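Participant: Residue numbers (this note's numbering), protein chains in the order written: chain A, 361 to 638; chain B, 361 to 638. All C-beta atoms in this analysis are idealised placements derived from N, C-alpha and C, irrespective of residue type, glycine included. The structure presented is a predicted model; accordingly, all values stated were derived computationally and were not measured.
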């Protein structure tokens with residue numbers, strides 16, 4: 361059964377896109393939106409991403425059967441603490457955070473009915489932020505990772521899975537720590553490296569950059585606060601990914617130093633093949 | 361005066377796009393195409409990228425007023441040696457190579473009329489290769505760097521500049537060594553890093569990657585042989601760029617290790633600002 365009333369806590373790019381998608385797919389679902397800026401809530405109402413706007417968290421979740429945390433990860437603990445008492449025992453809580461271990465732990469500690477929390481990570485978005493960039497088709501065809509733990513209510517897990525499928529996502533399940541390790545490698549590391557590549561450029565270089573550079577560094581334009589939260593929250597895994605990348609680059613440096621042309625070509629070819637296979 | 365007969369040595373993505381662009385812009389220009397594979401030449405004729413196909417280098421350049429080297433950089437020396445005697449004293453020679461110092465040096469040594477050579481680097485292209493991906497508008501609006509030296513004939517330089525402007529490119533001039541330093545930073549380094557990021561991924565990670573990863577690593581799908589040539593040819597500058605990136609990553613590692621959240625956010629914000637300003 362699709363949810364009858366959902367609450368989107370944080371109506372930005374992701375939260376707004378959930379609202380727009382739900383409106384276009386499930387006609388009779390009511391959509392509450394919480395935000396701390398009235399201008400964002402006004403824009404969300406105007407764009408049709410939410411039906412009702414709230415600046416009070418407890419009021420925003422009352423009577424909802426599905427609550428989705430869509431703010432930056434750094435705000436989750438405070439939100440979970442505040443909404444805990446206002447949730448009905450039947451309400452399911454999920455989120456769209458890019459890290460999962462700390463989120464699942466917080467939910468386990470802070471919610472009154474922790475078994476009704478299911479961590480989610482829809483792998484969609486862009487370097488843009490704000491509800492004005494929200495799109496009803498942002499999630500379509502993309503992947504959503506769910507991170508249940510032993511105590512998670514299987515019924516809640518299934519319902520959250522159905523919810524993302526309703527938005528035309530493909531879903532899979534991972535343990536929270538495995539999610540964080542893999543995402544450090546495939547998402548947080550590329551972001552850190554894109555920022556580092558931009559950081560070392562000269563102004564002259566930036567003025568001469570081509571389409572390859574622009575694509576490779578597009579993600580570096582993303583919101584700094586959001587990514588700081590992700591980096592700090594997933595510090596251990598990101599550190600280990602950064603160290604592995606450094607080893608890979610050190611190997612390339614050695615091979616260039618020694619003019620190992622054939623080994624460099626084999627390395628480039630292996631990467632090219634893997635990239636083409638995605 | 362636009363050239364009357366040009367010779368494109370190597371009809372791939374770039375050479376083919378030059379042919380298609382010239383055909384659409386200068387109606388009465390004859391376009392010779394040289395290649396070592398008959399199938400490529402057949403496709404080039406069929407697509408209208410060239411008027412006449414040659415598998416003999418000397419024949420391909422005879423009677424041409426503009427000759428453009430469009431093969432991988434590693435083949436340039438052999439080509440320059442072979443065409444030198446077949447060029448008329450008035451013929452202008454240029455190229456589309458991604459590195460310039462070695463190319464300009466080779467031309468200076470190997471050509472009978474070295475002052476008629478002008479190094480060019482049109483910053484356009486994609487990870488695709490082959491004339492089947494050529495487009496008449498590949499160069500439109502993009503930047504082309506010319507790398508004249510003291511001995512370069514100013515008239516030849518102007519004519520090559522006019523040629524790229526004819527293809528709707530913006531042109532600028534750099535010394536060959538400065539070009540190579542800047543391009544190592546803004547192009548060759550991002551390529552090396554994209555390959556390294558792909559190389560360290562697990563299969564699971566690749567199967568879960570999102571749009572950010574795909575954009576950040578798109579260039580890694582490029583032709584390995586072509587990029588090996590570029591890496592080896594621009595070894596010193598690429599090594600120095602790699603070492604600067606490593607320092608930048610080491611700084612991030614230290615900051616993560618010490619949980620310096622504010623410094624990390626400032627660093628991310630500075631990169632985001634620079635990237636948004638491109």
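Just grab the DSSP bridge partners of residue 392(A) for me.
Facilitator: According to DSSP, residue 392(A) bridges with 367(A), 412(A).
Participant: Give the straight-line distance between the Cα atoms of residue 454(A) and residue 613(B), rounded to the nearest whole angstrom.
Facilitator: Roughly 31 angstroms separates the two Cα atoms.
Participant: Quick one: is residue 493(A) near chain B, going by C-beta distance under 8 angstroms?
Facilitator: Closer than 8 angstroms: no.
Participant: For the alpha helix (DSSP H) containing residue 459(A), name the first residue and the last one.
Facilitator: Note, residue 459(A): premise wrong, no alpha helix (DSSP H); not H, not E.
Participant: Do residue 460(B) and residue 443(B) have their C-beta atoms within less than 8 angstroms of each other?
Facilitator: No; because the gap between Cβ atoms is not below 8 angstroms, this pair is not in contact.
Participant: Pop quiz: residue 476(A) and residue 513(A) are said to be a contact at Cβ under 8 angstroms. What is the actual Cβ separation, rounded to whole angstroms?
Facilitator: At roughly 6 angstroms, the Cβ-Cβ gap stays under 8 angstroms, so residue 476(A) and residue 513(A) are in contact.
Participant: One question on the structure: do residue 370(B) and residue 429(B) come within less than 8 angstroms of each other, judged by their Cβ atoms?
Facilitator: Yes. Within cutoff.
Participant: Does the beta carbon of residue 625(A) sit closer than 8 angstroms to a beta carbon anywhere in chain B?
Facilitator: Interface residue, yes.
Participant: Between the beta-carbon of residue 491(B) and the beta-carbon of residue 586(B), is there less than 8 angstroms?
Facilitator: The answer is no: Cβ separation not under 8 angstroms.
Participant: Quick one: does residue 564(A) have its CB under 8 angstroms from some CB of chain B?
Facilitator: It does; some Cβ of chain B falls within 8 angstroms.
Participant: If you compare alpha carbons, which of 511(A), 368(A), 624(A), 570(A) is closest to residue 584(B)?
Facilitator: The shortest Cα separation from residue 584(B) among 511(A), 368(A), 624(A), 570(A) belongs to 624(A).
Participant: Against chain D, with Cβ distances strictly below 8 angstroms, would residue 550(A) count as a contact?
Facilitator: In the displayed structure, chain D is absent; the protein chains listed are A and B.
Participant: Should residue 361(B) be labelled buried (16 or more other beta-carbon atoms within 10 Å of its own) or exposed?
Facilitator: Flag for residue 361(B) reads exposed.
Participant: State the DSSP-derived secondary structure class of residue 573(B), mapped to helix, strand or coil.
Facilitator: It is helical.
Participant: To the nearest angstrom, how far is the alpha carbon of residue 508(B) from that of residue 535(B)?
Facilitator: Each residue's Cα considered, the two are about 7 angstroms apart.
Participant: By the 10 Å Cβ neighbour count, where 16 or more other Cβ atoms means buried, how is residue 545(A) classified, buried or exposed?
Facilitator: Residue 545(A) should be labelled buried.
Participant: Please tell me whether residue 427(B) and residue 451(B) are closer than 8 angstroms, where the distance is taken between their beta carbons.
Facilitator: Cβ distance < 8 angstroms, so residue 427(B) and residue 451(B) count as in contact.
Participant: For residue 456(B) and residue 480(B), which I take to be in contact (beta-carbon distance under 8 angstroms), what is that distance rounded to the nearest angstrom?
Facilitator: With a Cβ gap of about 6 angstroms, residue 456(B) and residue 480(B) count as contacting.
Participant: Just checking: is the beta-carbon of residue 438(A) within a distance shorter than 8 angstroms of some beta-carbon in chain B?
Facilitator: No, residue 438(A) does not count as interfacial toward chain B.
Participant: Looking at residue 518(B) and the ligand SAH, is the gap between the Cβ and the nearest heavy atom below 7 angstroms?
Facilitator: In the structure on display, the ligand SAH does not appear, and there are no ligands present to speak of.
Participant: Using C-beta distances below 8 angstroms, list every residue in its chain close to residue 615(A), excluding the 5 sequence neighbours before and after it, in chain order.
Facilitator: Counting only Cβ-Cβ distances below 8 angstroms, and skipping sequence neighbours, we find 623, 624, 627.
Participant: Can you give me the C-alpha to C-alpha distance between residue 435(B) and residue 416(B), rounded to a whole angstrom?
Facilitator: For residue 435(B) and residue 416(B), the distance between alpha carbons rounds to 15 angstroms.
Participant: Considering residue 610(B), what are the terminal residues of the alpha helix (DSSP H) in which it resides?
Facilitator: 595-617 is the extent of the alpha helix (DSSP H) around residue 610(B).
Participant: Taking only three categories from DSSP, how would you classify residue 528(A)?
Facilitator: Coil, per DSSP.
Participant: Who are the neighbours of residue 528(B) on chain A, taking C-beta pairs under 7 angstroms?
Facilitator: Near residue 528(B) there are no residues of chain A at all, since even the closest Cβ is about 15 angstroms away, more than 7 angstroms.
Participant: Output yes if chain A places a C-beta closer than 8 angstroms to the C-beta of residue 421(B); else output no.
Facilitator: Taking Cβ atoms only, chain A never reaches closer than 8 angstroms to residue 421(B), which makes this a no.
Participant: With 8 angstroms as the limit, tell me which residues of the stretch 581-607 of chain A have their beta carbon closer than that to any beta carbon of chain B; keep them in chain order.
Facilitator: Here the close residues are 581, 582, 583, 584, 585, 587, 588, 591, 592, 595, 598, 599, 601, 602, 603, 604, 605, 606.
Participant: Could you check where the alpha helix (DSSP H) with residue 536(B) kicks off and where it finishes?
Facilitator: It spans 536-543 - the alpha helix (DSSP H) in which residue 536(B) sits, taken as one unbroken run.
Participant: Please report the distance separating the alpha-carbon of residue 549(A) from that of residue 519(B).
Facilitator: So the two alpha carbons sit approximately 46 angstroms from each other.
Participant: By DSSP's criteria, residue 533(A) is part of a beta bridge. Which residues make up the other side?
Facilitator: Residue 533(A) pairs with 506(A).
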